[in-house]
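Presented below is the structure to which this report refers.
Protein chains: 2
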Amino acid sequence: MKRIAESTVRRLSLYLRFLEDFEQRGLETISSDELARRGGTTSAQVRKDLSFFGSFGKRGLGYSVPELSRQIREIMGLGREWRVAIVGAGKIGAALAQYHGFAQRGFQIVAVYDRSADKIGRPWDGQTIRDIRELDRDAARERIDIAVLTVPADAAQATLDRIVKAGIKAVLNFAPVQLQAPADVSVKTVNMAMELESLSFALTNRD
Amino acid sequence: MKRIAESTVRRLSLYLRFLEDFEQRGLETISSDELARRGGTTSAQVRKDLSFFGSFGKRGLGYSVPELSRQIREIMGLGREWRVAIVGAGKIGAALAQYHGFAQRGFQIVAVYDRSADKIGRPWDGQTIRDIRELDRDAARERIDIAVLTVPADAAQATLDRIVKAGIKAVLNFAPVQLQAPADVSVKTVNMAMELESLSFALTNRD
DNA sequence: AGTAACTTGTGAACGAATTCACAAGCGCTC
DNA sequence: GAGCGCTTGTGAATTCGTTCACAAGTTACT
Chain A
1 MKRIAESTVR RLSLYLRFLE DFEQRGLETI SSDELARRGG TTSAQVRKDL
51 SFFGSFGKRG LGYSVPELSR QIREIMGLGR EWRVAIVGAG KIGAALAQYH
101 GFAQRGFQIV AVYDRSADKI GRPWDGQTIR DIRELDRDAA RERIDIAVLT
151 VPADAAQATL DRIVKAGIKA VLNFAPVQLQ APADVSVKTV NMAMELESLS
201 FALTNRD
Chain B
208 MKRIAESTVR RLSLYLRFLE DFEQRGLETI SSDELARRGG TTSAQVRKDL
258 SFFGSFGKRG LGYSVPELSR QIREIMGLGR EWRVAIVGAG KIGAALAQYH
308 GFAQRGFQIV AVYDRSADKI GRPWDGQTIR DIRELDRDAA RERIDIAVLT
358 VPADAAQATL DRIVKAGIKA VLNFAPVQLQ APADVSVKTV NMAMELESLS
408 FALTNRD
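One line per chain: the protein sequences are A and B, in this order. In terms of the working numbering, the first sequence is residues 1 to 207. In terms of the working numbering, the second sequence is residues 208 to 414.
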């Protein structure tokens, strides 16, 4: 398959959200123009994004809402359950575990790990906190697909190395550091510090 | 000033983090190549990024670590305190308030707002939760620069409208929705759902 | 059946961001 | 002070992503 731009993938995720909204309201069809309006983009962009994966629309009519939802879910691999481990049982980890949209999309939290002795063994959102050193053993047995990394910045790279060693191929990182991983491991970083600093820049350098 | 790409701003923020690291370790100079290695980019990229704002390096030598730190901080507007209000006193808001890197960079939380009657008036991380309806009145008096939006998705747009009306020009949004705001208001969205879905896509469509 | 009103899908044109490549500057050594 | 090794700063080339523009398909109406 041709290489797909990151920006395209992110927009698909966005479109899907609107489609689900439309679906719930019982609407049958939607045009690229309507999707574009909601997503803050252009209709040509919407059509181009979709065209990488096939032709899902009907000329003159638009897209069938349930059909396009289904297709995007399929493209994005959201037709299945993903098994997620949270690594780092701190405040952010806790907030994430409670985050509803998580389970809603089929991301099921199946294990929680920490390093500190006084956390290990404690109950935590329906789970028991496990020793990070068990990750290597657990990963295959528990069929962990994705690790959510919520450890302090200074431990992030070392913990990522553990995750990689355990054979996990996808990581969502919340530590405000740039991580190094092999090419076959996907790492996405959510860096609020960076976003805040972008705002600071925007406020400082306005025309 | 020439328009600066968002990606450039984000990288500057990244470079700054490495520089501070180097600074603490007492290193005097750094090359674009070293910065690039850490940031997962190329030396040409680093130099180009910096060149939009001036020439800070010395040929043959590299960049002075403290000097470049200072320059980037200045460019990014990080030489001052930014006054931040958290809007939405839920789990995510709480996790953020505790987030250390926040204050560290000069982002000071000066007020917390919520809508629900049983939260208003309660103590919260050294603050008292205020009624969201007071935001309009407070914004100028408290000199609020940035609002962090951590309300549920379905209330996000309406709350943003309040924030805009209160005259706040920068918003960090954690609700997983696309928001509409006037052009003179900067909105950055941190959307974990989208990142997770990108991972799902990556896992599904690997070569 | 013909026409009008829409909307998709997609090459081509455009624009933006990244990478290349190299002249020019700096410090060190002999 | 000439030569060498290193590194910056930046136009030019290239790559990548977005927008344009239009042929072709669909429905609705007369």
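Note that beta-carbon positions come from the ideal geometry of N, C-alpha and C, so glycine has one too.
TODO: Run down chain B in chain order and give the residues with a C-beta less than 7 angstroms from the C-beta of residue 40 of chain A.
DONE: If you number the first sequence from 1, residue 40 of chain A lands on position 40. What residue 40 of chain A touches in chain B: 385.
Open item on the list: Taking the alpha carbon of residue 289 of chain B as the reference point, which residue from B:307, B:316, B:222 has its own alpha carbon closest?
Closed with: Counting from 1 along the second sequence, the entry for residue 289 of chain B is found at position 82. Comparing Cα-Cα distances from residue 289 of chain B to each of B:307, B:316, B:222, the minimum goes to B:316.
TODO: Please look up how many angstroms separate the CB atoms of residue 353 of chain B and residue 291 of chain B, rounded, as I've assumed it's under 8 angstroms.
DONE: Mapped onto the second sequence, residue 353 of chain B falls at position 146. Mapped onto the second sequence, residue 291 of chain B falls at position 84. Indeed they touch by this definition, with Cβ atoms about 5 angstroms apart.
TODO: For residue 374 of chain B, decide whether its Cβ has a neighbour in chain A, counting only Cβ atoms nearer than 8 angstroms.
DONE: On the second sequence, residue 374 of chain B is found 167 positions in, with the first residue counted as 1. No, no contact with chain A.
Open item on the list: What does the alpha-carbon distance come out to for the pair residue 396 of chain B and residue 364 of chain B?
Closed with: For the purposes of this step, residue 396 of chain B is taken as the residue at position 189 of the second sequence. For the purposes of this step, residue 364 of chain B is taken as the residue at position 157 of the second sequence. One C-alpha to the other measures close to 12 angstroms.
Task: Within the region 66-114 of chain A, ranges of the alpha helix (DSSP H) (whole runs, at least 4 residues) - done: 91-98, 100-104
Task: Terminal residues of the alpha helix (DSSP H) in which residue 135 of chain A lies - done: Stepping through the first sequence from its first residue, residue 135 of chain A is reached at position 135. Per DSSP, residue 135 of chain A belongs to the alpha helix (DSSP H) from 135-141.
Open item on the list: Please classify residue 49 of chain A as buried or exposed, where buried requires at least 16 neighbouring CB atoms within 10 angstroms.
Closed with: Walking along the first sequence from the start, residue 49 of chain A turns up at place 49. Buried, because 16 or more other Cβ atoms sit within 10 Å of the Cβ of residue 49 of chain A.
Task: Three-state secondary structure assigned by DSSP to residue 159 of chain A - done: Position 159 of the first sequence holds residue 159 of chain A. Helix.
Open item on the list: Short of 8 angstroms Cβ to Cβ, which residues in the region 251-284 of chain B face chain A?
Closed with: 282, 283, 284
Task: Element boundaries [beta strand (DSSP E), containing residue 269 of chain B] - done: Taking the first residue of the second sequence as position 1, residue 269 of chain B is located at position 62. Counting along the chain, the beta strand (DSSP E) containing residue 269 of chain B begins and ends at 269-271.
Open item on the list: Looking at the strands, I want to know which residues DSSP matches up with residue 334 of chain B.
Closed with: For the purposes of this step, residue 334 of chain B is taken as the residue at position 127 of the second sequence. BP columns for residue 334 of chain B point to B:331.
Open item on the list: Checking 8 angstroms against the spacing of the C-beta atoms, do residue 319 of chain B and residue 340 of chain B come in under that value?
Closed with: As a working mapping, residue 319 of chain B is identified with position 112 in the second sequence. As a working mapping, residue 340 of chain B is identified with position 133 in the second sequence. Contact: no.
Task: Per-residue burial, residue 6 of chain A [other beta carbons within 10 Å of its own, 16 or more giving buried] - done: The sequence position of residue 6 of chain A within the first sequence is 6, counting from 1. Residue 6 of chain A comes out exposed.
Task: residue 343 of chain B beta carbon less than 8 angstroms from that of residue 369 of chain B - done: For the purposes of this step, residue 369 of chain B is taken as the residue at position 162 of the second sequence. For the purposes of this step, residue 343 of chain B is taken as the residue at position 136 of the second sequence. Closer than 8 angstroms, so yes.
Task: Residue burial classification, residue 105 of chain A (beta-carbon count within 10 angstroms, cutoff 16) - done: To locate residue 105 of chain A, count along the first sequence from 1; it is residue 105. Flag for residue 105 of chain A reads buried.
Open item on the list: Measuring alpha carbon to alpha carbon, tell me which residue in B:286, B:281, B:280, B:235 is nearest residue 265 of chain B.
Closed with: Against the second sequence, residue 265 of chain B aligns to sequence position 58. Among B:286, B:281, B:280, B:235, the Cα nearest to that of residue 265 of chain B is on B:235.
Task: Span of the beta strand (DSSP E), counted from its first residue to its last, around residue 186 of chain A - done: Translated into the one-based positions of the first sequence, residue 186 of chain A becomes position 186. Here the beta strand (DSSP E) through residue 186 of chain A covers 186-189.
Open item on the list: In the DSSP assignment, the alpha helix (DSSP H) including residue 216 of chain B goes from what residue to what residue?
Closed with: The residue labelled residue 216 of chain B in the question sits at position 9 within the second sequence. Looking at the DSSP string, the run of the alpha helix (DSSP H) that includes residue 216 of chain B is 213-231.
TODO: In the DSSP assignment, find the unbroken alpha helix (DSSP H) run with residue 251 of chain B in it and report its ends.
DONE: As a working mapping, residue 251 of chain B is identified with position 44 in the second sequence. Here the alpha helix (DSSP H) through residue 251 of chain B covers 250-258.
Open item on the list: Counting only beta-carbon separations shorter than 8 angstroms, does residue 294 of chain B have a partner in chain A?
Closed with: Walking along the second sequence from the start, residue 294 of chain B turns up at place 87. Residue-level contact by beta carbon fails for residue 294 of chain B and chain A, as no gap is shorter than 8 angstroms.
TODO: Evaluate residue 42 of chain A with the Cβ neighbour count: other Cβ atoms within 10 Å of its Cβ, from every protein chain shown; 16 or more gives buried, anything less gives exposed.
DONE: Taking the first sequence and counting its residues from 1, one reaches residue 42 of chain A at position 42. The residue is exposed, with fewer than 16 neighbouring Cβ atoms inside 10 Å.
Task: Proximal chain A residues relative to residue 331 of chain B, where beta-carbon distance stays under 8 angstroms - done: Along the second sequence, one-based indexing puts residue 331 of chain B at 124. The contacting residues do not exist; residue 331 of chain B stays about 14 angstroms from chain A at best.
- [ ] In the DSSP assignment, find the beta strand (DSSP E) that holds residue 377 of chain B and state where it starts and stops.
- [x] Looking up residue 377 of chain B in the second sequence gives position 170. Residue 377 of chain B -> beta strand (DSSP E) spans 377-380.
Open item on the list: So that I know if they touch, is there some Cβ in chain A lying closer than 8 angstroms to that of residue 353 of chain B?
Closed with: Taking the first residue of the second sequence as position 1, residue 353 of chain B is located at position 146. Chain A contact via Cβ: present.
Open item on the list: Would you say residue 324 of chain B lies against chain A (beta-carbon separation less than 8 angstroms)?
Closed with: Looking up residue 324 of chain B in the second sequence gives position 117. No, because no Cβ of chain A sits closer than 8 angstroms to the Cβ of residue 324 of chain B.
Open item on the list: Just to confirm my understanding: we take residue 140 of chain A, look at its own chain, exclude 5 residues before and 5 after, and list those with CB closer than 7 angstroms. What are they?
Closed with: Start at 1 with the first residue of the first sequence, and residue 140 of chain A comes out as number 140. Excluding sequence neighbours, residue 140 of chain A sits near 167.
Task: residue 312 of chain B at chain A interface by Cβ criterion, 8 angstroms - done: Taking the first residue of the second sequence as 1, we reach residue 312 of chain B at position 105. Answer yes: the Cβ-Cβ gap between residue 312 of chain B and chain A drops below 8 angstroms somewhere.
- [ ] Please check if any C-beta of chain A sits within less than 8 angstroms of the C-beta of residue 336 of chain B.
- [x] The residue you call residue 336 of chain B lines up with position 129 of the second sequence. Chain A contact via Cβ: absent.
Open item on the list: Assuming contact is defined by CB atoms lying nearer than 8 angstroms, are residue 62 of chain A and residue 31 of chain A in contact in what I supplied?
Closed with: The count along the first sequence starts at 1 and reaches residue 62 of chain A at position 62. The count along the first sequence starts at 1 and reaches residue 31 of chain A at position 31. Yes, they are a contact pair.
- [ ] Report the rounded CA-to-CA distance for residue 178 of chain B versus residue 276 of chain B, giving the unit in angstroms.
- [x] Limits of chain B in this structure are 208 at one end and 414 at the other, which puts residue 178 of chain B out of reach.
- [ ] Express the C-alpha separation of residue 60 of chain A and residue 200 of chain A in angstroms, rounding to a whole number.
- [x] Counted from its first residue, the first sequence places residue 200 of chain A at position 200. Counted from its first residue, the first sequence places residue 60 of chain A at position 60. Straight-line Cα distance between these residues: approximately 45 angstroms.
Task: Start-to-end residues for the beta strand (DSSP E) that takes in residue 356 of chain B - done: Here residue 356 of chain B corresponds to residue number 149 of the second sequence, with the count starting at 1. 353-356 is the extent of the beta strand (DSSP E) around residue 356 of chain B.
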